[in-house]
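Heads up: the sequence lines are chains A and B, in that order.
Every position in the first sequence, counted from 1, becomes a number in the working numbering once 42 is added.
Every position in the second sequence, counted from 1, becomes a number in the working numbering once 42 is added.
Below is one structure; the comments refer to it alone.
2 protein chains.
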Amino acid sequence: MSEKRVYLFSEGDASMRDLLGGKGANLSEMSNIGLPVPPGFTITTAQCMEYYANGRQMPAELMGQVRTAVEAVEKDLGKSFGGSTNPLLVSVRSGAKFSMPGMMDTILNLGLNPDTLKGLIQESGSERFAYDAYRRFIMMFSAVVLDLEKSVFEHAFDAKKKSRGIKLDTDLTAQDLKEVANEFLAIVQKETGNPFPTDPWKQLELAIEAVFKSWNNDRAIVYRRTERIPDEIGTAVNVQAMVFGNLGDDCGTGVAFTRDPSTGENYLYGEYLMNAQGEDVVAGVRTPVPISELEKQNKAVYDEFVAICNRLEGHYKDMQDLEFTIEKGRLFMLQCRTGKRTGPAAVRIAVEMVTEKLIEKEVAVQRVTASHLDQLLHPRIDDVYVTDRGIKAVARGLAASPGAAVGKAVFDADTALRLGDAGEKVILVRDETNPDDVHGMLAAQGILTARGGKTSHAAVVARGFGIPCVAGCESLHVDLRTRSFTVDGQTIHEGDIISVDGSTGDVFLQQLPLIAPDVSGHFGTLMEWCDEYRRLDVRANADNPRDARQALEFGAQGIGLCRTEHMFFEADRLPIVRDMILAKSDAQREAALLKLEVVQQSDFEGIFEAMDGKPVTIRLIDPPLHEFLPNLVELSKEVTELQIAVNSLGGDAIKALLEEKRALLQAVESMHESNPMMGLRGVRLSIVFPGIVAMQTRAIMAAACKLTKRGVKVHPEIMIPLVGHVNELKVVQTQLESVATEVQEEWGVKVPYMFGTMIEIPRAALTADEIAEFAQFFSFGTNDLTQMTFGYSRDDAEGKFLKDYVEQKILPYNVFETIDRGGVGQLMRMGVEKGRAQRAGLKCGICGEHGGDPESVYFCHEIGLDYVSCSPFRVPIARLSAAQAALQERVKVTLDK
Amino acid sequence: MSEKRVYLFSEGDASMRDLLGGKGANLSEMSNIGLPVPPGFTITTAQCMEYYANGRQMPAELMGQVRTAVEAVEKDLGKSFGGSTNPLLVSVRSGAKFSMPGMMDTILNLGLNPDTLKGLIQESGSERFAYDAYRRFIMMFSAVVLDLEKSVFEHAFDAKKKSRGIKLDTDLTAQDLKEVANEFLAIVQKETGNPFPTDPWKQLELAIEAVFKSWNNDRAIVYRRTERIPDEIGTAVNVQAMVFGNLGDDCGTGVAFTRDPSTGENYLYGEYLMNAQGEDVVAGVRTPVPISELEKQNKAVYDEFVAICNRLEGHYKDMQDLEFTIEKGRLFMLQCRTGKRTGPAAVRIAVEMVTEKLIEKEVAVQRVTASHLDQLLHPRIDDVYVTDRGIKAVARGLAASPGAAVGKAVFDADTALRLGDAGEKVILVRDETNPDDVHGMLAAQGILTARGGKTSHAAVVARGFGIPCVAGCESLHVDLRTRSFTVDGQTIHEGDIISVDGSTGDVFLQQLPLIAPDVSGHFGTLMEWCDEYRRLDVRANADNPRDARQALEFGAQGIGLCRTEHMFFEADRLPIVRDMILAKSDAQREAALLKLEVVQQSDFEGIFEAMDGKPVTIRLIDPPLHEFLPNLVELSKEVTELQIAVNSLGGDAIKALLEEKRALLQAVESMHESNPMMGLRGVRLSIVFPGIVAMQTRAIMAAACKLTKRGVKVHPEIMIPLVGHVNELKVVQTQLESVATEVQEEWGVKVPYMFGTMIEIPRAALTADEIAEFAQFFSFGTNDLTQMTFGYSRDDAEGKFLKDYVEQKILPYNVFETIDRGGVGQLMRMGVEKGRAQRAGLKCGICGEHGGDPESVYFCHEIGLDYVSCSPFRVPIARLSAAQAALQERVKVTLDK
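Dropping the structure here:
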């Protein structure tokens, strides 16, 4: 028996999405549960792939099976495809497993030609209707199958309306439409050199092939890439008998959702138009009417539709998106699929469906996605406002720190601080930021930079403080002299209001309305359910008491990463840090360290107090010291300029300044590194300059002792970064253990503390057994681990080649966002296994940015980590993902049994 | 029974080096084969370690066992330790398993005090001799055990000679020496506050402890670190009855080697002095006499000594280093150990001993070390000349490219080229070099830079071309204005002659004689033997025909790494490369690429022709393109200066120059990377700019086709660098395969070529199975693999922390010189195993600098690589190491059976 290539709707069901696509499977399912669906059939997805495998040739036996299926439909309806009486017309639609905008959508009324047209006139009793159907078919078929420009037909149509002096399509007469159809046929002859195909079977074959072709058009390819849909699944083709919503006033068509897709509220949401075809609803020529009106217009049909909606929601146990047509008072269902929804709606629907006992809690937890939650957690730009007005972003940079912000553009940190303190909302716009800008960044609603990647200073600081940020927006030209920036030919001056969306990278040159984060009751309920299922703990990355409190509000169970050097960057500390680095004597250095110890201790006290007994992992200083000093290139230029000024003007003041800058330059030069990411930083710094980490450990332990004395519970976990060889840890840990002991003796209290390490160097993962001899916990630093495992400098890669790599599918996704299972993941798994083989039950966590990425959280669950840590705003997402991972595992275990 | 802590010489043998140290084991062995050795005993190395384990306390039972052993010696000789008649005097010497300069050497005449002195006078019949022995003992003991300054005693001694108006020690009378001894005793009383210890047992105990202490003195620690001798093996202590070479004219002492340690010639080599103690020979007060004179002076003793020498060489089957004393016409052997030798001597001795049937070829091959061979392969500074004149290096930089060079200092490439062309020998001295200097580097005998590490431009280019180079000599201050450099207070002007030693990093401010490499017949024989045993092939890294020929001369079996971009750096190509990079249109870029293709093709023709059918692995372009452009900081300064000049002076010429430089700066800025080592380079570059590698592949294949047509055999192996994900290789290899096919079709010939990849990114090793689906060979790039596995940027690490790491024993050695087995090695092993699991028999090699390091070659053998590749001058060393690895494995296999 030959392969089955075509399934009648009566032969399929909802489980066959792989083979029949989503639309086909749902049409089959609806048919089989007895809903009124016009008969038809589905050509399987395998045919599409065979078409490409054959070098774009239609599979040999396909059209034979299509004929058999058409015959079955003819028989069902008593109509005849291509018949001059009672002709069967069909629609042809694509339908992949996943809904895919960009592919060929629909051809309606296929089968019309001069012969069948007569039959249609006879059958419908309306010449006008028949010619209207005909001209629509010619245009759609020509645009989609024959690749002609739609606008050519539209112009001809508009010209006809103009010549008749009318505005509405409906005012055209049958004769007008007949003339239009003939003009359309002439256009096809002229443009293609061939007559419009009249053989309905040829029309059908060409339409099917057009669907196959559209699988690989540019928009479809881009969409699949963005949504990570594989190229190999292909699309199905649905061929279905036409029903008409435009045969008179007892006809109509509409779309509906079983609940409100924006808010999730449980009522029938939708709209319809009487005497119209589907495209009229979309085209917006006539304004559709809310679905509730249908009850007044035709209660029988309305009641039937409501019953069907309830039945389908109950059947699929999810909110449904439906299309229907009423033909001469009879209701037909044309489509049924799970409805897309906003984040707030997703949460509300999931929670309410549990209350309604429609679904289980486990299902509810799995039905909300990370991006749904993300919408709830940050202010966002009002989509409806933007769409309604056709507002477009003027530029797109990197989505560096999520959330949207609106405010006056300002160009330096001091202005930002001054206006911010005065209660103004400002967006700080810079070429790139540096440590000198931090006070201004903190005062701003949002940050916009022209240069730098997702780990640039601006991005890192913004994420750390939860400030929306668009970074590396390269089409921006900032001119500090005129205090303005130019983009796409438009100039924005200081004080002009702009909007930025750090979740998408979009920049707008106007004030847009924002929707505030909505952490409502439904959200809280959902989060509680997540916590019932997940095995992974969720911690937050937080560098200050404010972030720590924010993290707690979002349900963090501890701090997984407190970056001590972030405290160094604050405006009041940076000068002390510089004094320490540039100290000319031990005494000067000691004095600076002592000052830093005081401020660090008070920072730690604040954090410990906020976390109230929950574990706090504190990473000792990590970046190279030159990050705290001015930029080499800028400083070199400055010295050159001063030198020339001294030569030409002289003057003691300039001379003194030159000497000062020269000394600074010398220091910067001597610390300059060709690849700072792999230079003197992390534990290496601690070995070469042990004073800094000894100071930090004193500050941590003194803060812990002080609070312990006051009765606050404190659990510091001191983390040594960038270890690649066990001996590094051994040396530093031994020194710091004695500092910790000393401080506890001074205070006369015992604090439960631990020393552990980051696993962020490939060699650390490879030798995790050796390292676990000393480390009391591991925290995977997957940012650096990804950099070293791939040999990618993130800053360089994201600007220079990573985008190409993802677009060309060399990498399946951006590996700095989602953990690369094959390489980085392999090392992590090795690290956990070797570490625990050496030290049973070793606590393992992750503190890279991957800790807030759903796919990565799944992976962390899979390899048995104890916790993930992410930025405060990602904590709910991590809780959700951790629960989903646990639930998926449950399913897997059941299947494996 | 209690632990045996002390072994009489009669109780040990040569196999007990671990326990008795080298010296003790050999004294035992000599005793036991019946040679005349003064009786004595050895305190085991375990006592030294116990001493430290006890917190520097002498092991409790030790002195008891020492007493028993002393009694045995007393009994043997009929003397009495501490006796006032016929007293036993002893020497105390350290003796670790390995010879270790820096530790306490010797205390002679121990046991003397006013009592035993009388006995000694009586026994020797010479008051003068006895007091001489006494004053020597007091001084040695005071300096070594009591930690007093030797110079205090020497001053007193010199004052005595002055007061007597004499010059030679031997002119002092017994009375003089008695007075000296008393003065010495007074000095001890004054300096220590205590009298000199008179109890011989106390003297002995203190001396033994002093040996233990010297195990951990600074010099010993540094030596162990340099020679990679473990800290945990401890030293033994040898206590031996004194014999005296200074009891009269029938007495004497000397040292000898059984063959000439400089040349390896087979004759008795050594010198001696009559009526003298050992230290007199060393002190150089009297000039020793060649050993051949002894035959005339005392034929019986001479013949006995020659017989002993022959016996010992035959016994140990190696050249021996001997110490002897003649006491009243009787010969005593005091020491016997394997003699140190120069490289040429090592090779000659090994080869001749095989001819003499003293040893097997396998032994000969294992007896020559890599550093022996290295001495043969490069010009070297004449040690004897330097030592004799007490010449010291004025500075030490990094040993960046081996070999020594002498020439006039010059300060720019053009001068180097001009003088070089005129036949002058020059050393190019620069702060650091860049691509613009290459023509001058090639014209120089040697290169000296003040900045940059072992992978700096200077170092890499110098090694590539086999030019001696000292890099990063930081105490050098180059002043281009005055065309001079200053170091350690001395100034050298252009034209002054200096010498540099790229094997040690030493810099000398004078002309030194060089010894030319000596690749004699013995060397050739040894290399042939190596080839009989080794399993690993040895290839060379060579970037041009000259190096290829050099490599062949040294026995390379192919080229393992030809760095195509090195050809780009040559003076006539760099402008074309810049044109290509800065091209404003595709046409300009194409034109530049075409020019490059022509020169690259002719380079490849030269290399293929030189290699005559041997495989040639060619790596496609690897470095980031900005390496071919000017430095960002310098260029920024230049533009700033020009900007100011334009502002103040104006002028069209300067304006035009400013515009030009500005455009260049913009290009440099846009290509700037924060971590270029992990940026847009290697295969990433090939994906983003496919034109360059397509050009290179065309050049390679066209060269191969052209030579094939001429009947030359050619085996190109085209290597794609920096692959981290199989898809990178897939994309690039597919493109290049079609280029290769195209070129072959154009020429109408088939060339046997392969495409393969470097394994130099951790992820490549981790996913080697996937990569081997496409790669037809692997070559481990261990330079980069080490950088990424450790997260070390070599350039930064070597200057900033790697030295500290090795000194503090955080790393056992410099991992850029020797493969880190634990991490990098683990990845290599994984890479080989996974690669071959996917593709049986996959050819695997190494082309990092580790390929010429003996330890690393052993490791490559161990993990089953097919070949190692190294710089031409390291080829013989790799051949030797490969043979040694195979022979060691043989031993291991035998032992395992």
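Quick reminder that beta carbons are idealized off the backbone N, C-alpha and C, glycines included.
{"Check": "Quick check: the stretch 397-412 of chain A against the stretch 532-543 of chain A, are there 3 or more CB pairs under 8 angstroms?", "Outcome": "no"}
{"Check": "How about ASP846/A: is its C-beta nearer than 8 angstroms to some C-beta of chain B?", "Outcome": "yes"}
{"Check": "Between LEU603/B and VAL619/B, how many whole angstroms is the CB-CB distance? I'm expecting something under 8 angstroms.", "Outcome": "The pair is not a contact, with the Cβ atoms about 20 angstroms apart (cut-off 8 angstroms)."}
{"Check": "Run through DSSP, which three-state label would GLN362/B get?", "Outcome": "strand"}
{"Check": "DSSP beta-bridge partners for HIS535/A?", "Outcome": "SER526/A"}
{"Check": "Flag VAL735/B as yes if its beta-carbon sits less than 8 angstroms from any beta-carbon of chain A, otherwise no.", "Outcome": "no"}
{"Check": "Considering only DSSP beta bridges, list what PRO129/A is partnered with.", "Outcome": "SER122/A"}
{"Check": "Could you work out which residues of chain B lie near GLY766/A, taking near to mean beta carbons separated by less than 7 angstroms?", "Outcome": "PHE832, GLY833"}
{"Check": "Quick one, which of PHE731/A, ARG605/A, LEU518/A has its alpha-carbon nearest VAL502/A's?", "Outcome": "ARG605/A"}
{"Check": "In the DSSP output, what is ASP521/A paired with across the bridge?", "Outcome": "SER526/A"}
{"Check": "Count the other C-beta atoms from every protein chain shown that fall within 10 angstroms of the C-beta of VAL580/A, then say buried if there are 16 or more, exposed otherwise.", "Outcome": "buried"}
{"Check": "Could one say the Cβ of VAL40/B lies closer than 8 angstroms to chain A's Cβ atoms, at least one of them?", "Outcome": "A query on residue 40/B cannot be resolved here, the shown segment of chain B reaching from 43 to 939 and no further."}
{"Check": "Please report the straight-line C-alpha distance between GLY294/B and ARG59/B, rounded to a whole angstrom.", "Outcome": "29 angstroms"}
{"Check": "Is the number of C-beta pairs between the stretch 769-787 of chain A and the stretch 847-859 of chain A that are closer than 8 angstroms three or more?", "Outcome": "no"}
{"Check": "Using a Cβ-Cβ distance under 8 angstroms, would ASP664/A count as near chain B?", "Outcome": "no"}
{"Check": "Less than 8 angstroms separating the beta-carbons of LEU578/A and PHE915/A?", "Outcome": "no"}
{"Check": "To the nearest whole angstrom, what separates the beta carbons of MET872/A and ALA807/A, a pair I think is in contact under 8 angstroms?", "Outcome": "5 angstroms"}
{"Check": "So, under 8 angstroms CB-CB, CYS515/A and LEU490/A are touching, yes? Tell me the CB distance rounded to an integer number of Å.", "Outcome": "6 angstroms"}
{"Check": "So, does the CB of GLY439/A fall closer than 8 angstroms to a CB anywhere in chain B?", "Outcome": "no"}
{"Check": "Using a Cβ cut-off of 9 angstroms, pull out every chain B residue sitting near ILE729/A, in sequence order please.", "Outcome": "PHE843, ASP846, TYR847, GLN850, ILE852"}
{"Check": "Which residues, in order along the stretch 864-878 of chain A, keep a beta-carbon less than 8 angstroms from a beta-carbon of chain B?", "Outcome": "GLY864, GLY865, VAL866, GLN868, LEU869"}
{"Check": "Who are the neighbours of VAL773/B on chain A, taking C-beta pairs under 8 angstroms?", "Outcome": "GLN850, ILE852"}
{"Check": "Looking at the structure shown, is ILE5/B part of a helix, part of a strand, or coil, going by DSSP?", "Outcome": "Residue 5/B lies beyond the residue range present for chain B, which begins at 43 and ends at 939; the question has no answer from this structure."}
{"Check": "Going by C-alpha distance, which of GLY724/B, GLY655/B, VAL768/B is nearest ARG752/B?", "Outcome": "GLY655/B"}
{"Check": "If we cut at 8 angstroms on Cβ distances, does ILE1016/A have a partner in chain B?", "Outcome": "An answer regarding residue 1016/A cannot be provided, because it is not within the stretch 43 to 939 covered by chain A."}
{"Check": "Take ASP645/A and list the residues in its own chain whose beta-carbon comes closer than 6 angstroms to its own, dropping the five residues that flank it on each side.", "Outcome": "MET609"}
{"Check": "Indicate whether at least one CB of chain B lies closer than 8 angstroms to the CB of GLU770/A.", "Outcome": "yes"}
{"Check": "Going by beta-carbon coordinates alone, are LEU152/A and LEU246/A separated by less than 8 angstroms?", "Outcome": "yes"}
{"Check": "Pick helix, strand or coil for ILE803/A, following the three-state DSSP scheme.", "Outcome": "coil"}
{"Check": "List, in chain order, every chain A residue whose beta-carbon is nearer than 7 angstroms to that of ARG726/B.", "Outcome": "PHE843"}
{"Check": "Over the uninterrupted alpha helix (DSSP H) stretch that includes LEU770/A, give me the two end residues.", "Outcome": "The sequence as given places Glu at residue 770/A; Leu does not occur at that position. Here the alpha helix (DSSP H) through GLU770/A covers 768-789."}
{"Check": "Would DSSP call VAL194/A helix, strand or coil?", "Outcome": "helix"}
{"Check": "Compare the C-beta of ASN689/A with all C-beta atoms of chain B and state if any pair is closer than 8 angstroms.", "Outcome": "no"}
{"Check": "Go ahead and pull the three-state DSSP assignment for PRO332/B.", "Outcome": "strand"}
{"Check": "In the stretch 816-856 of chain B, which residue ranges form an unbroken beta strand (DSSP E) of at least 3 residues, counting only runs that do not cross its ends?", "Outcome": "819-822"}
{"Check": "Assuming VAL675/B and LEU674/A make a contact with CB atoms under 8 angstroms, what is their CB distance in whole Å?", "Outcome": "6 angstroms"}
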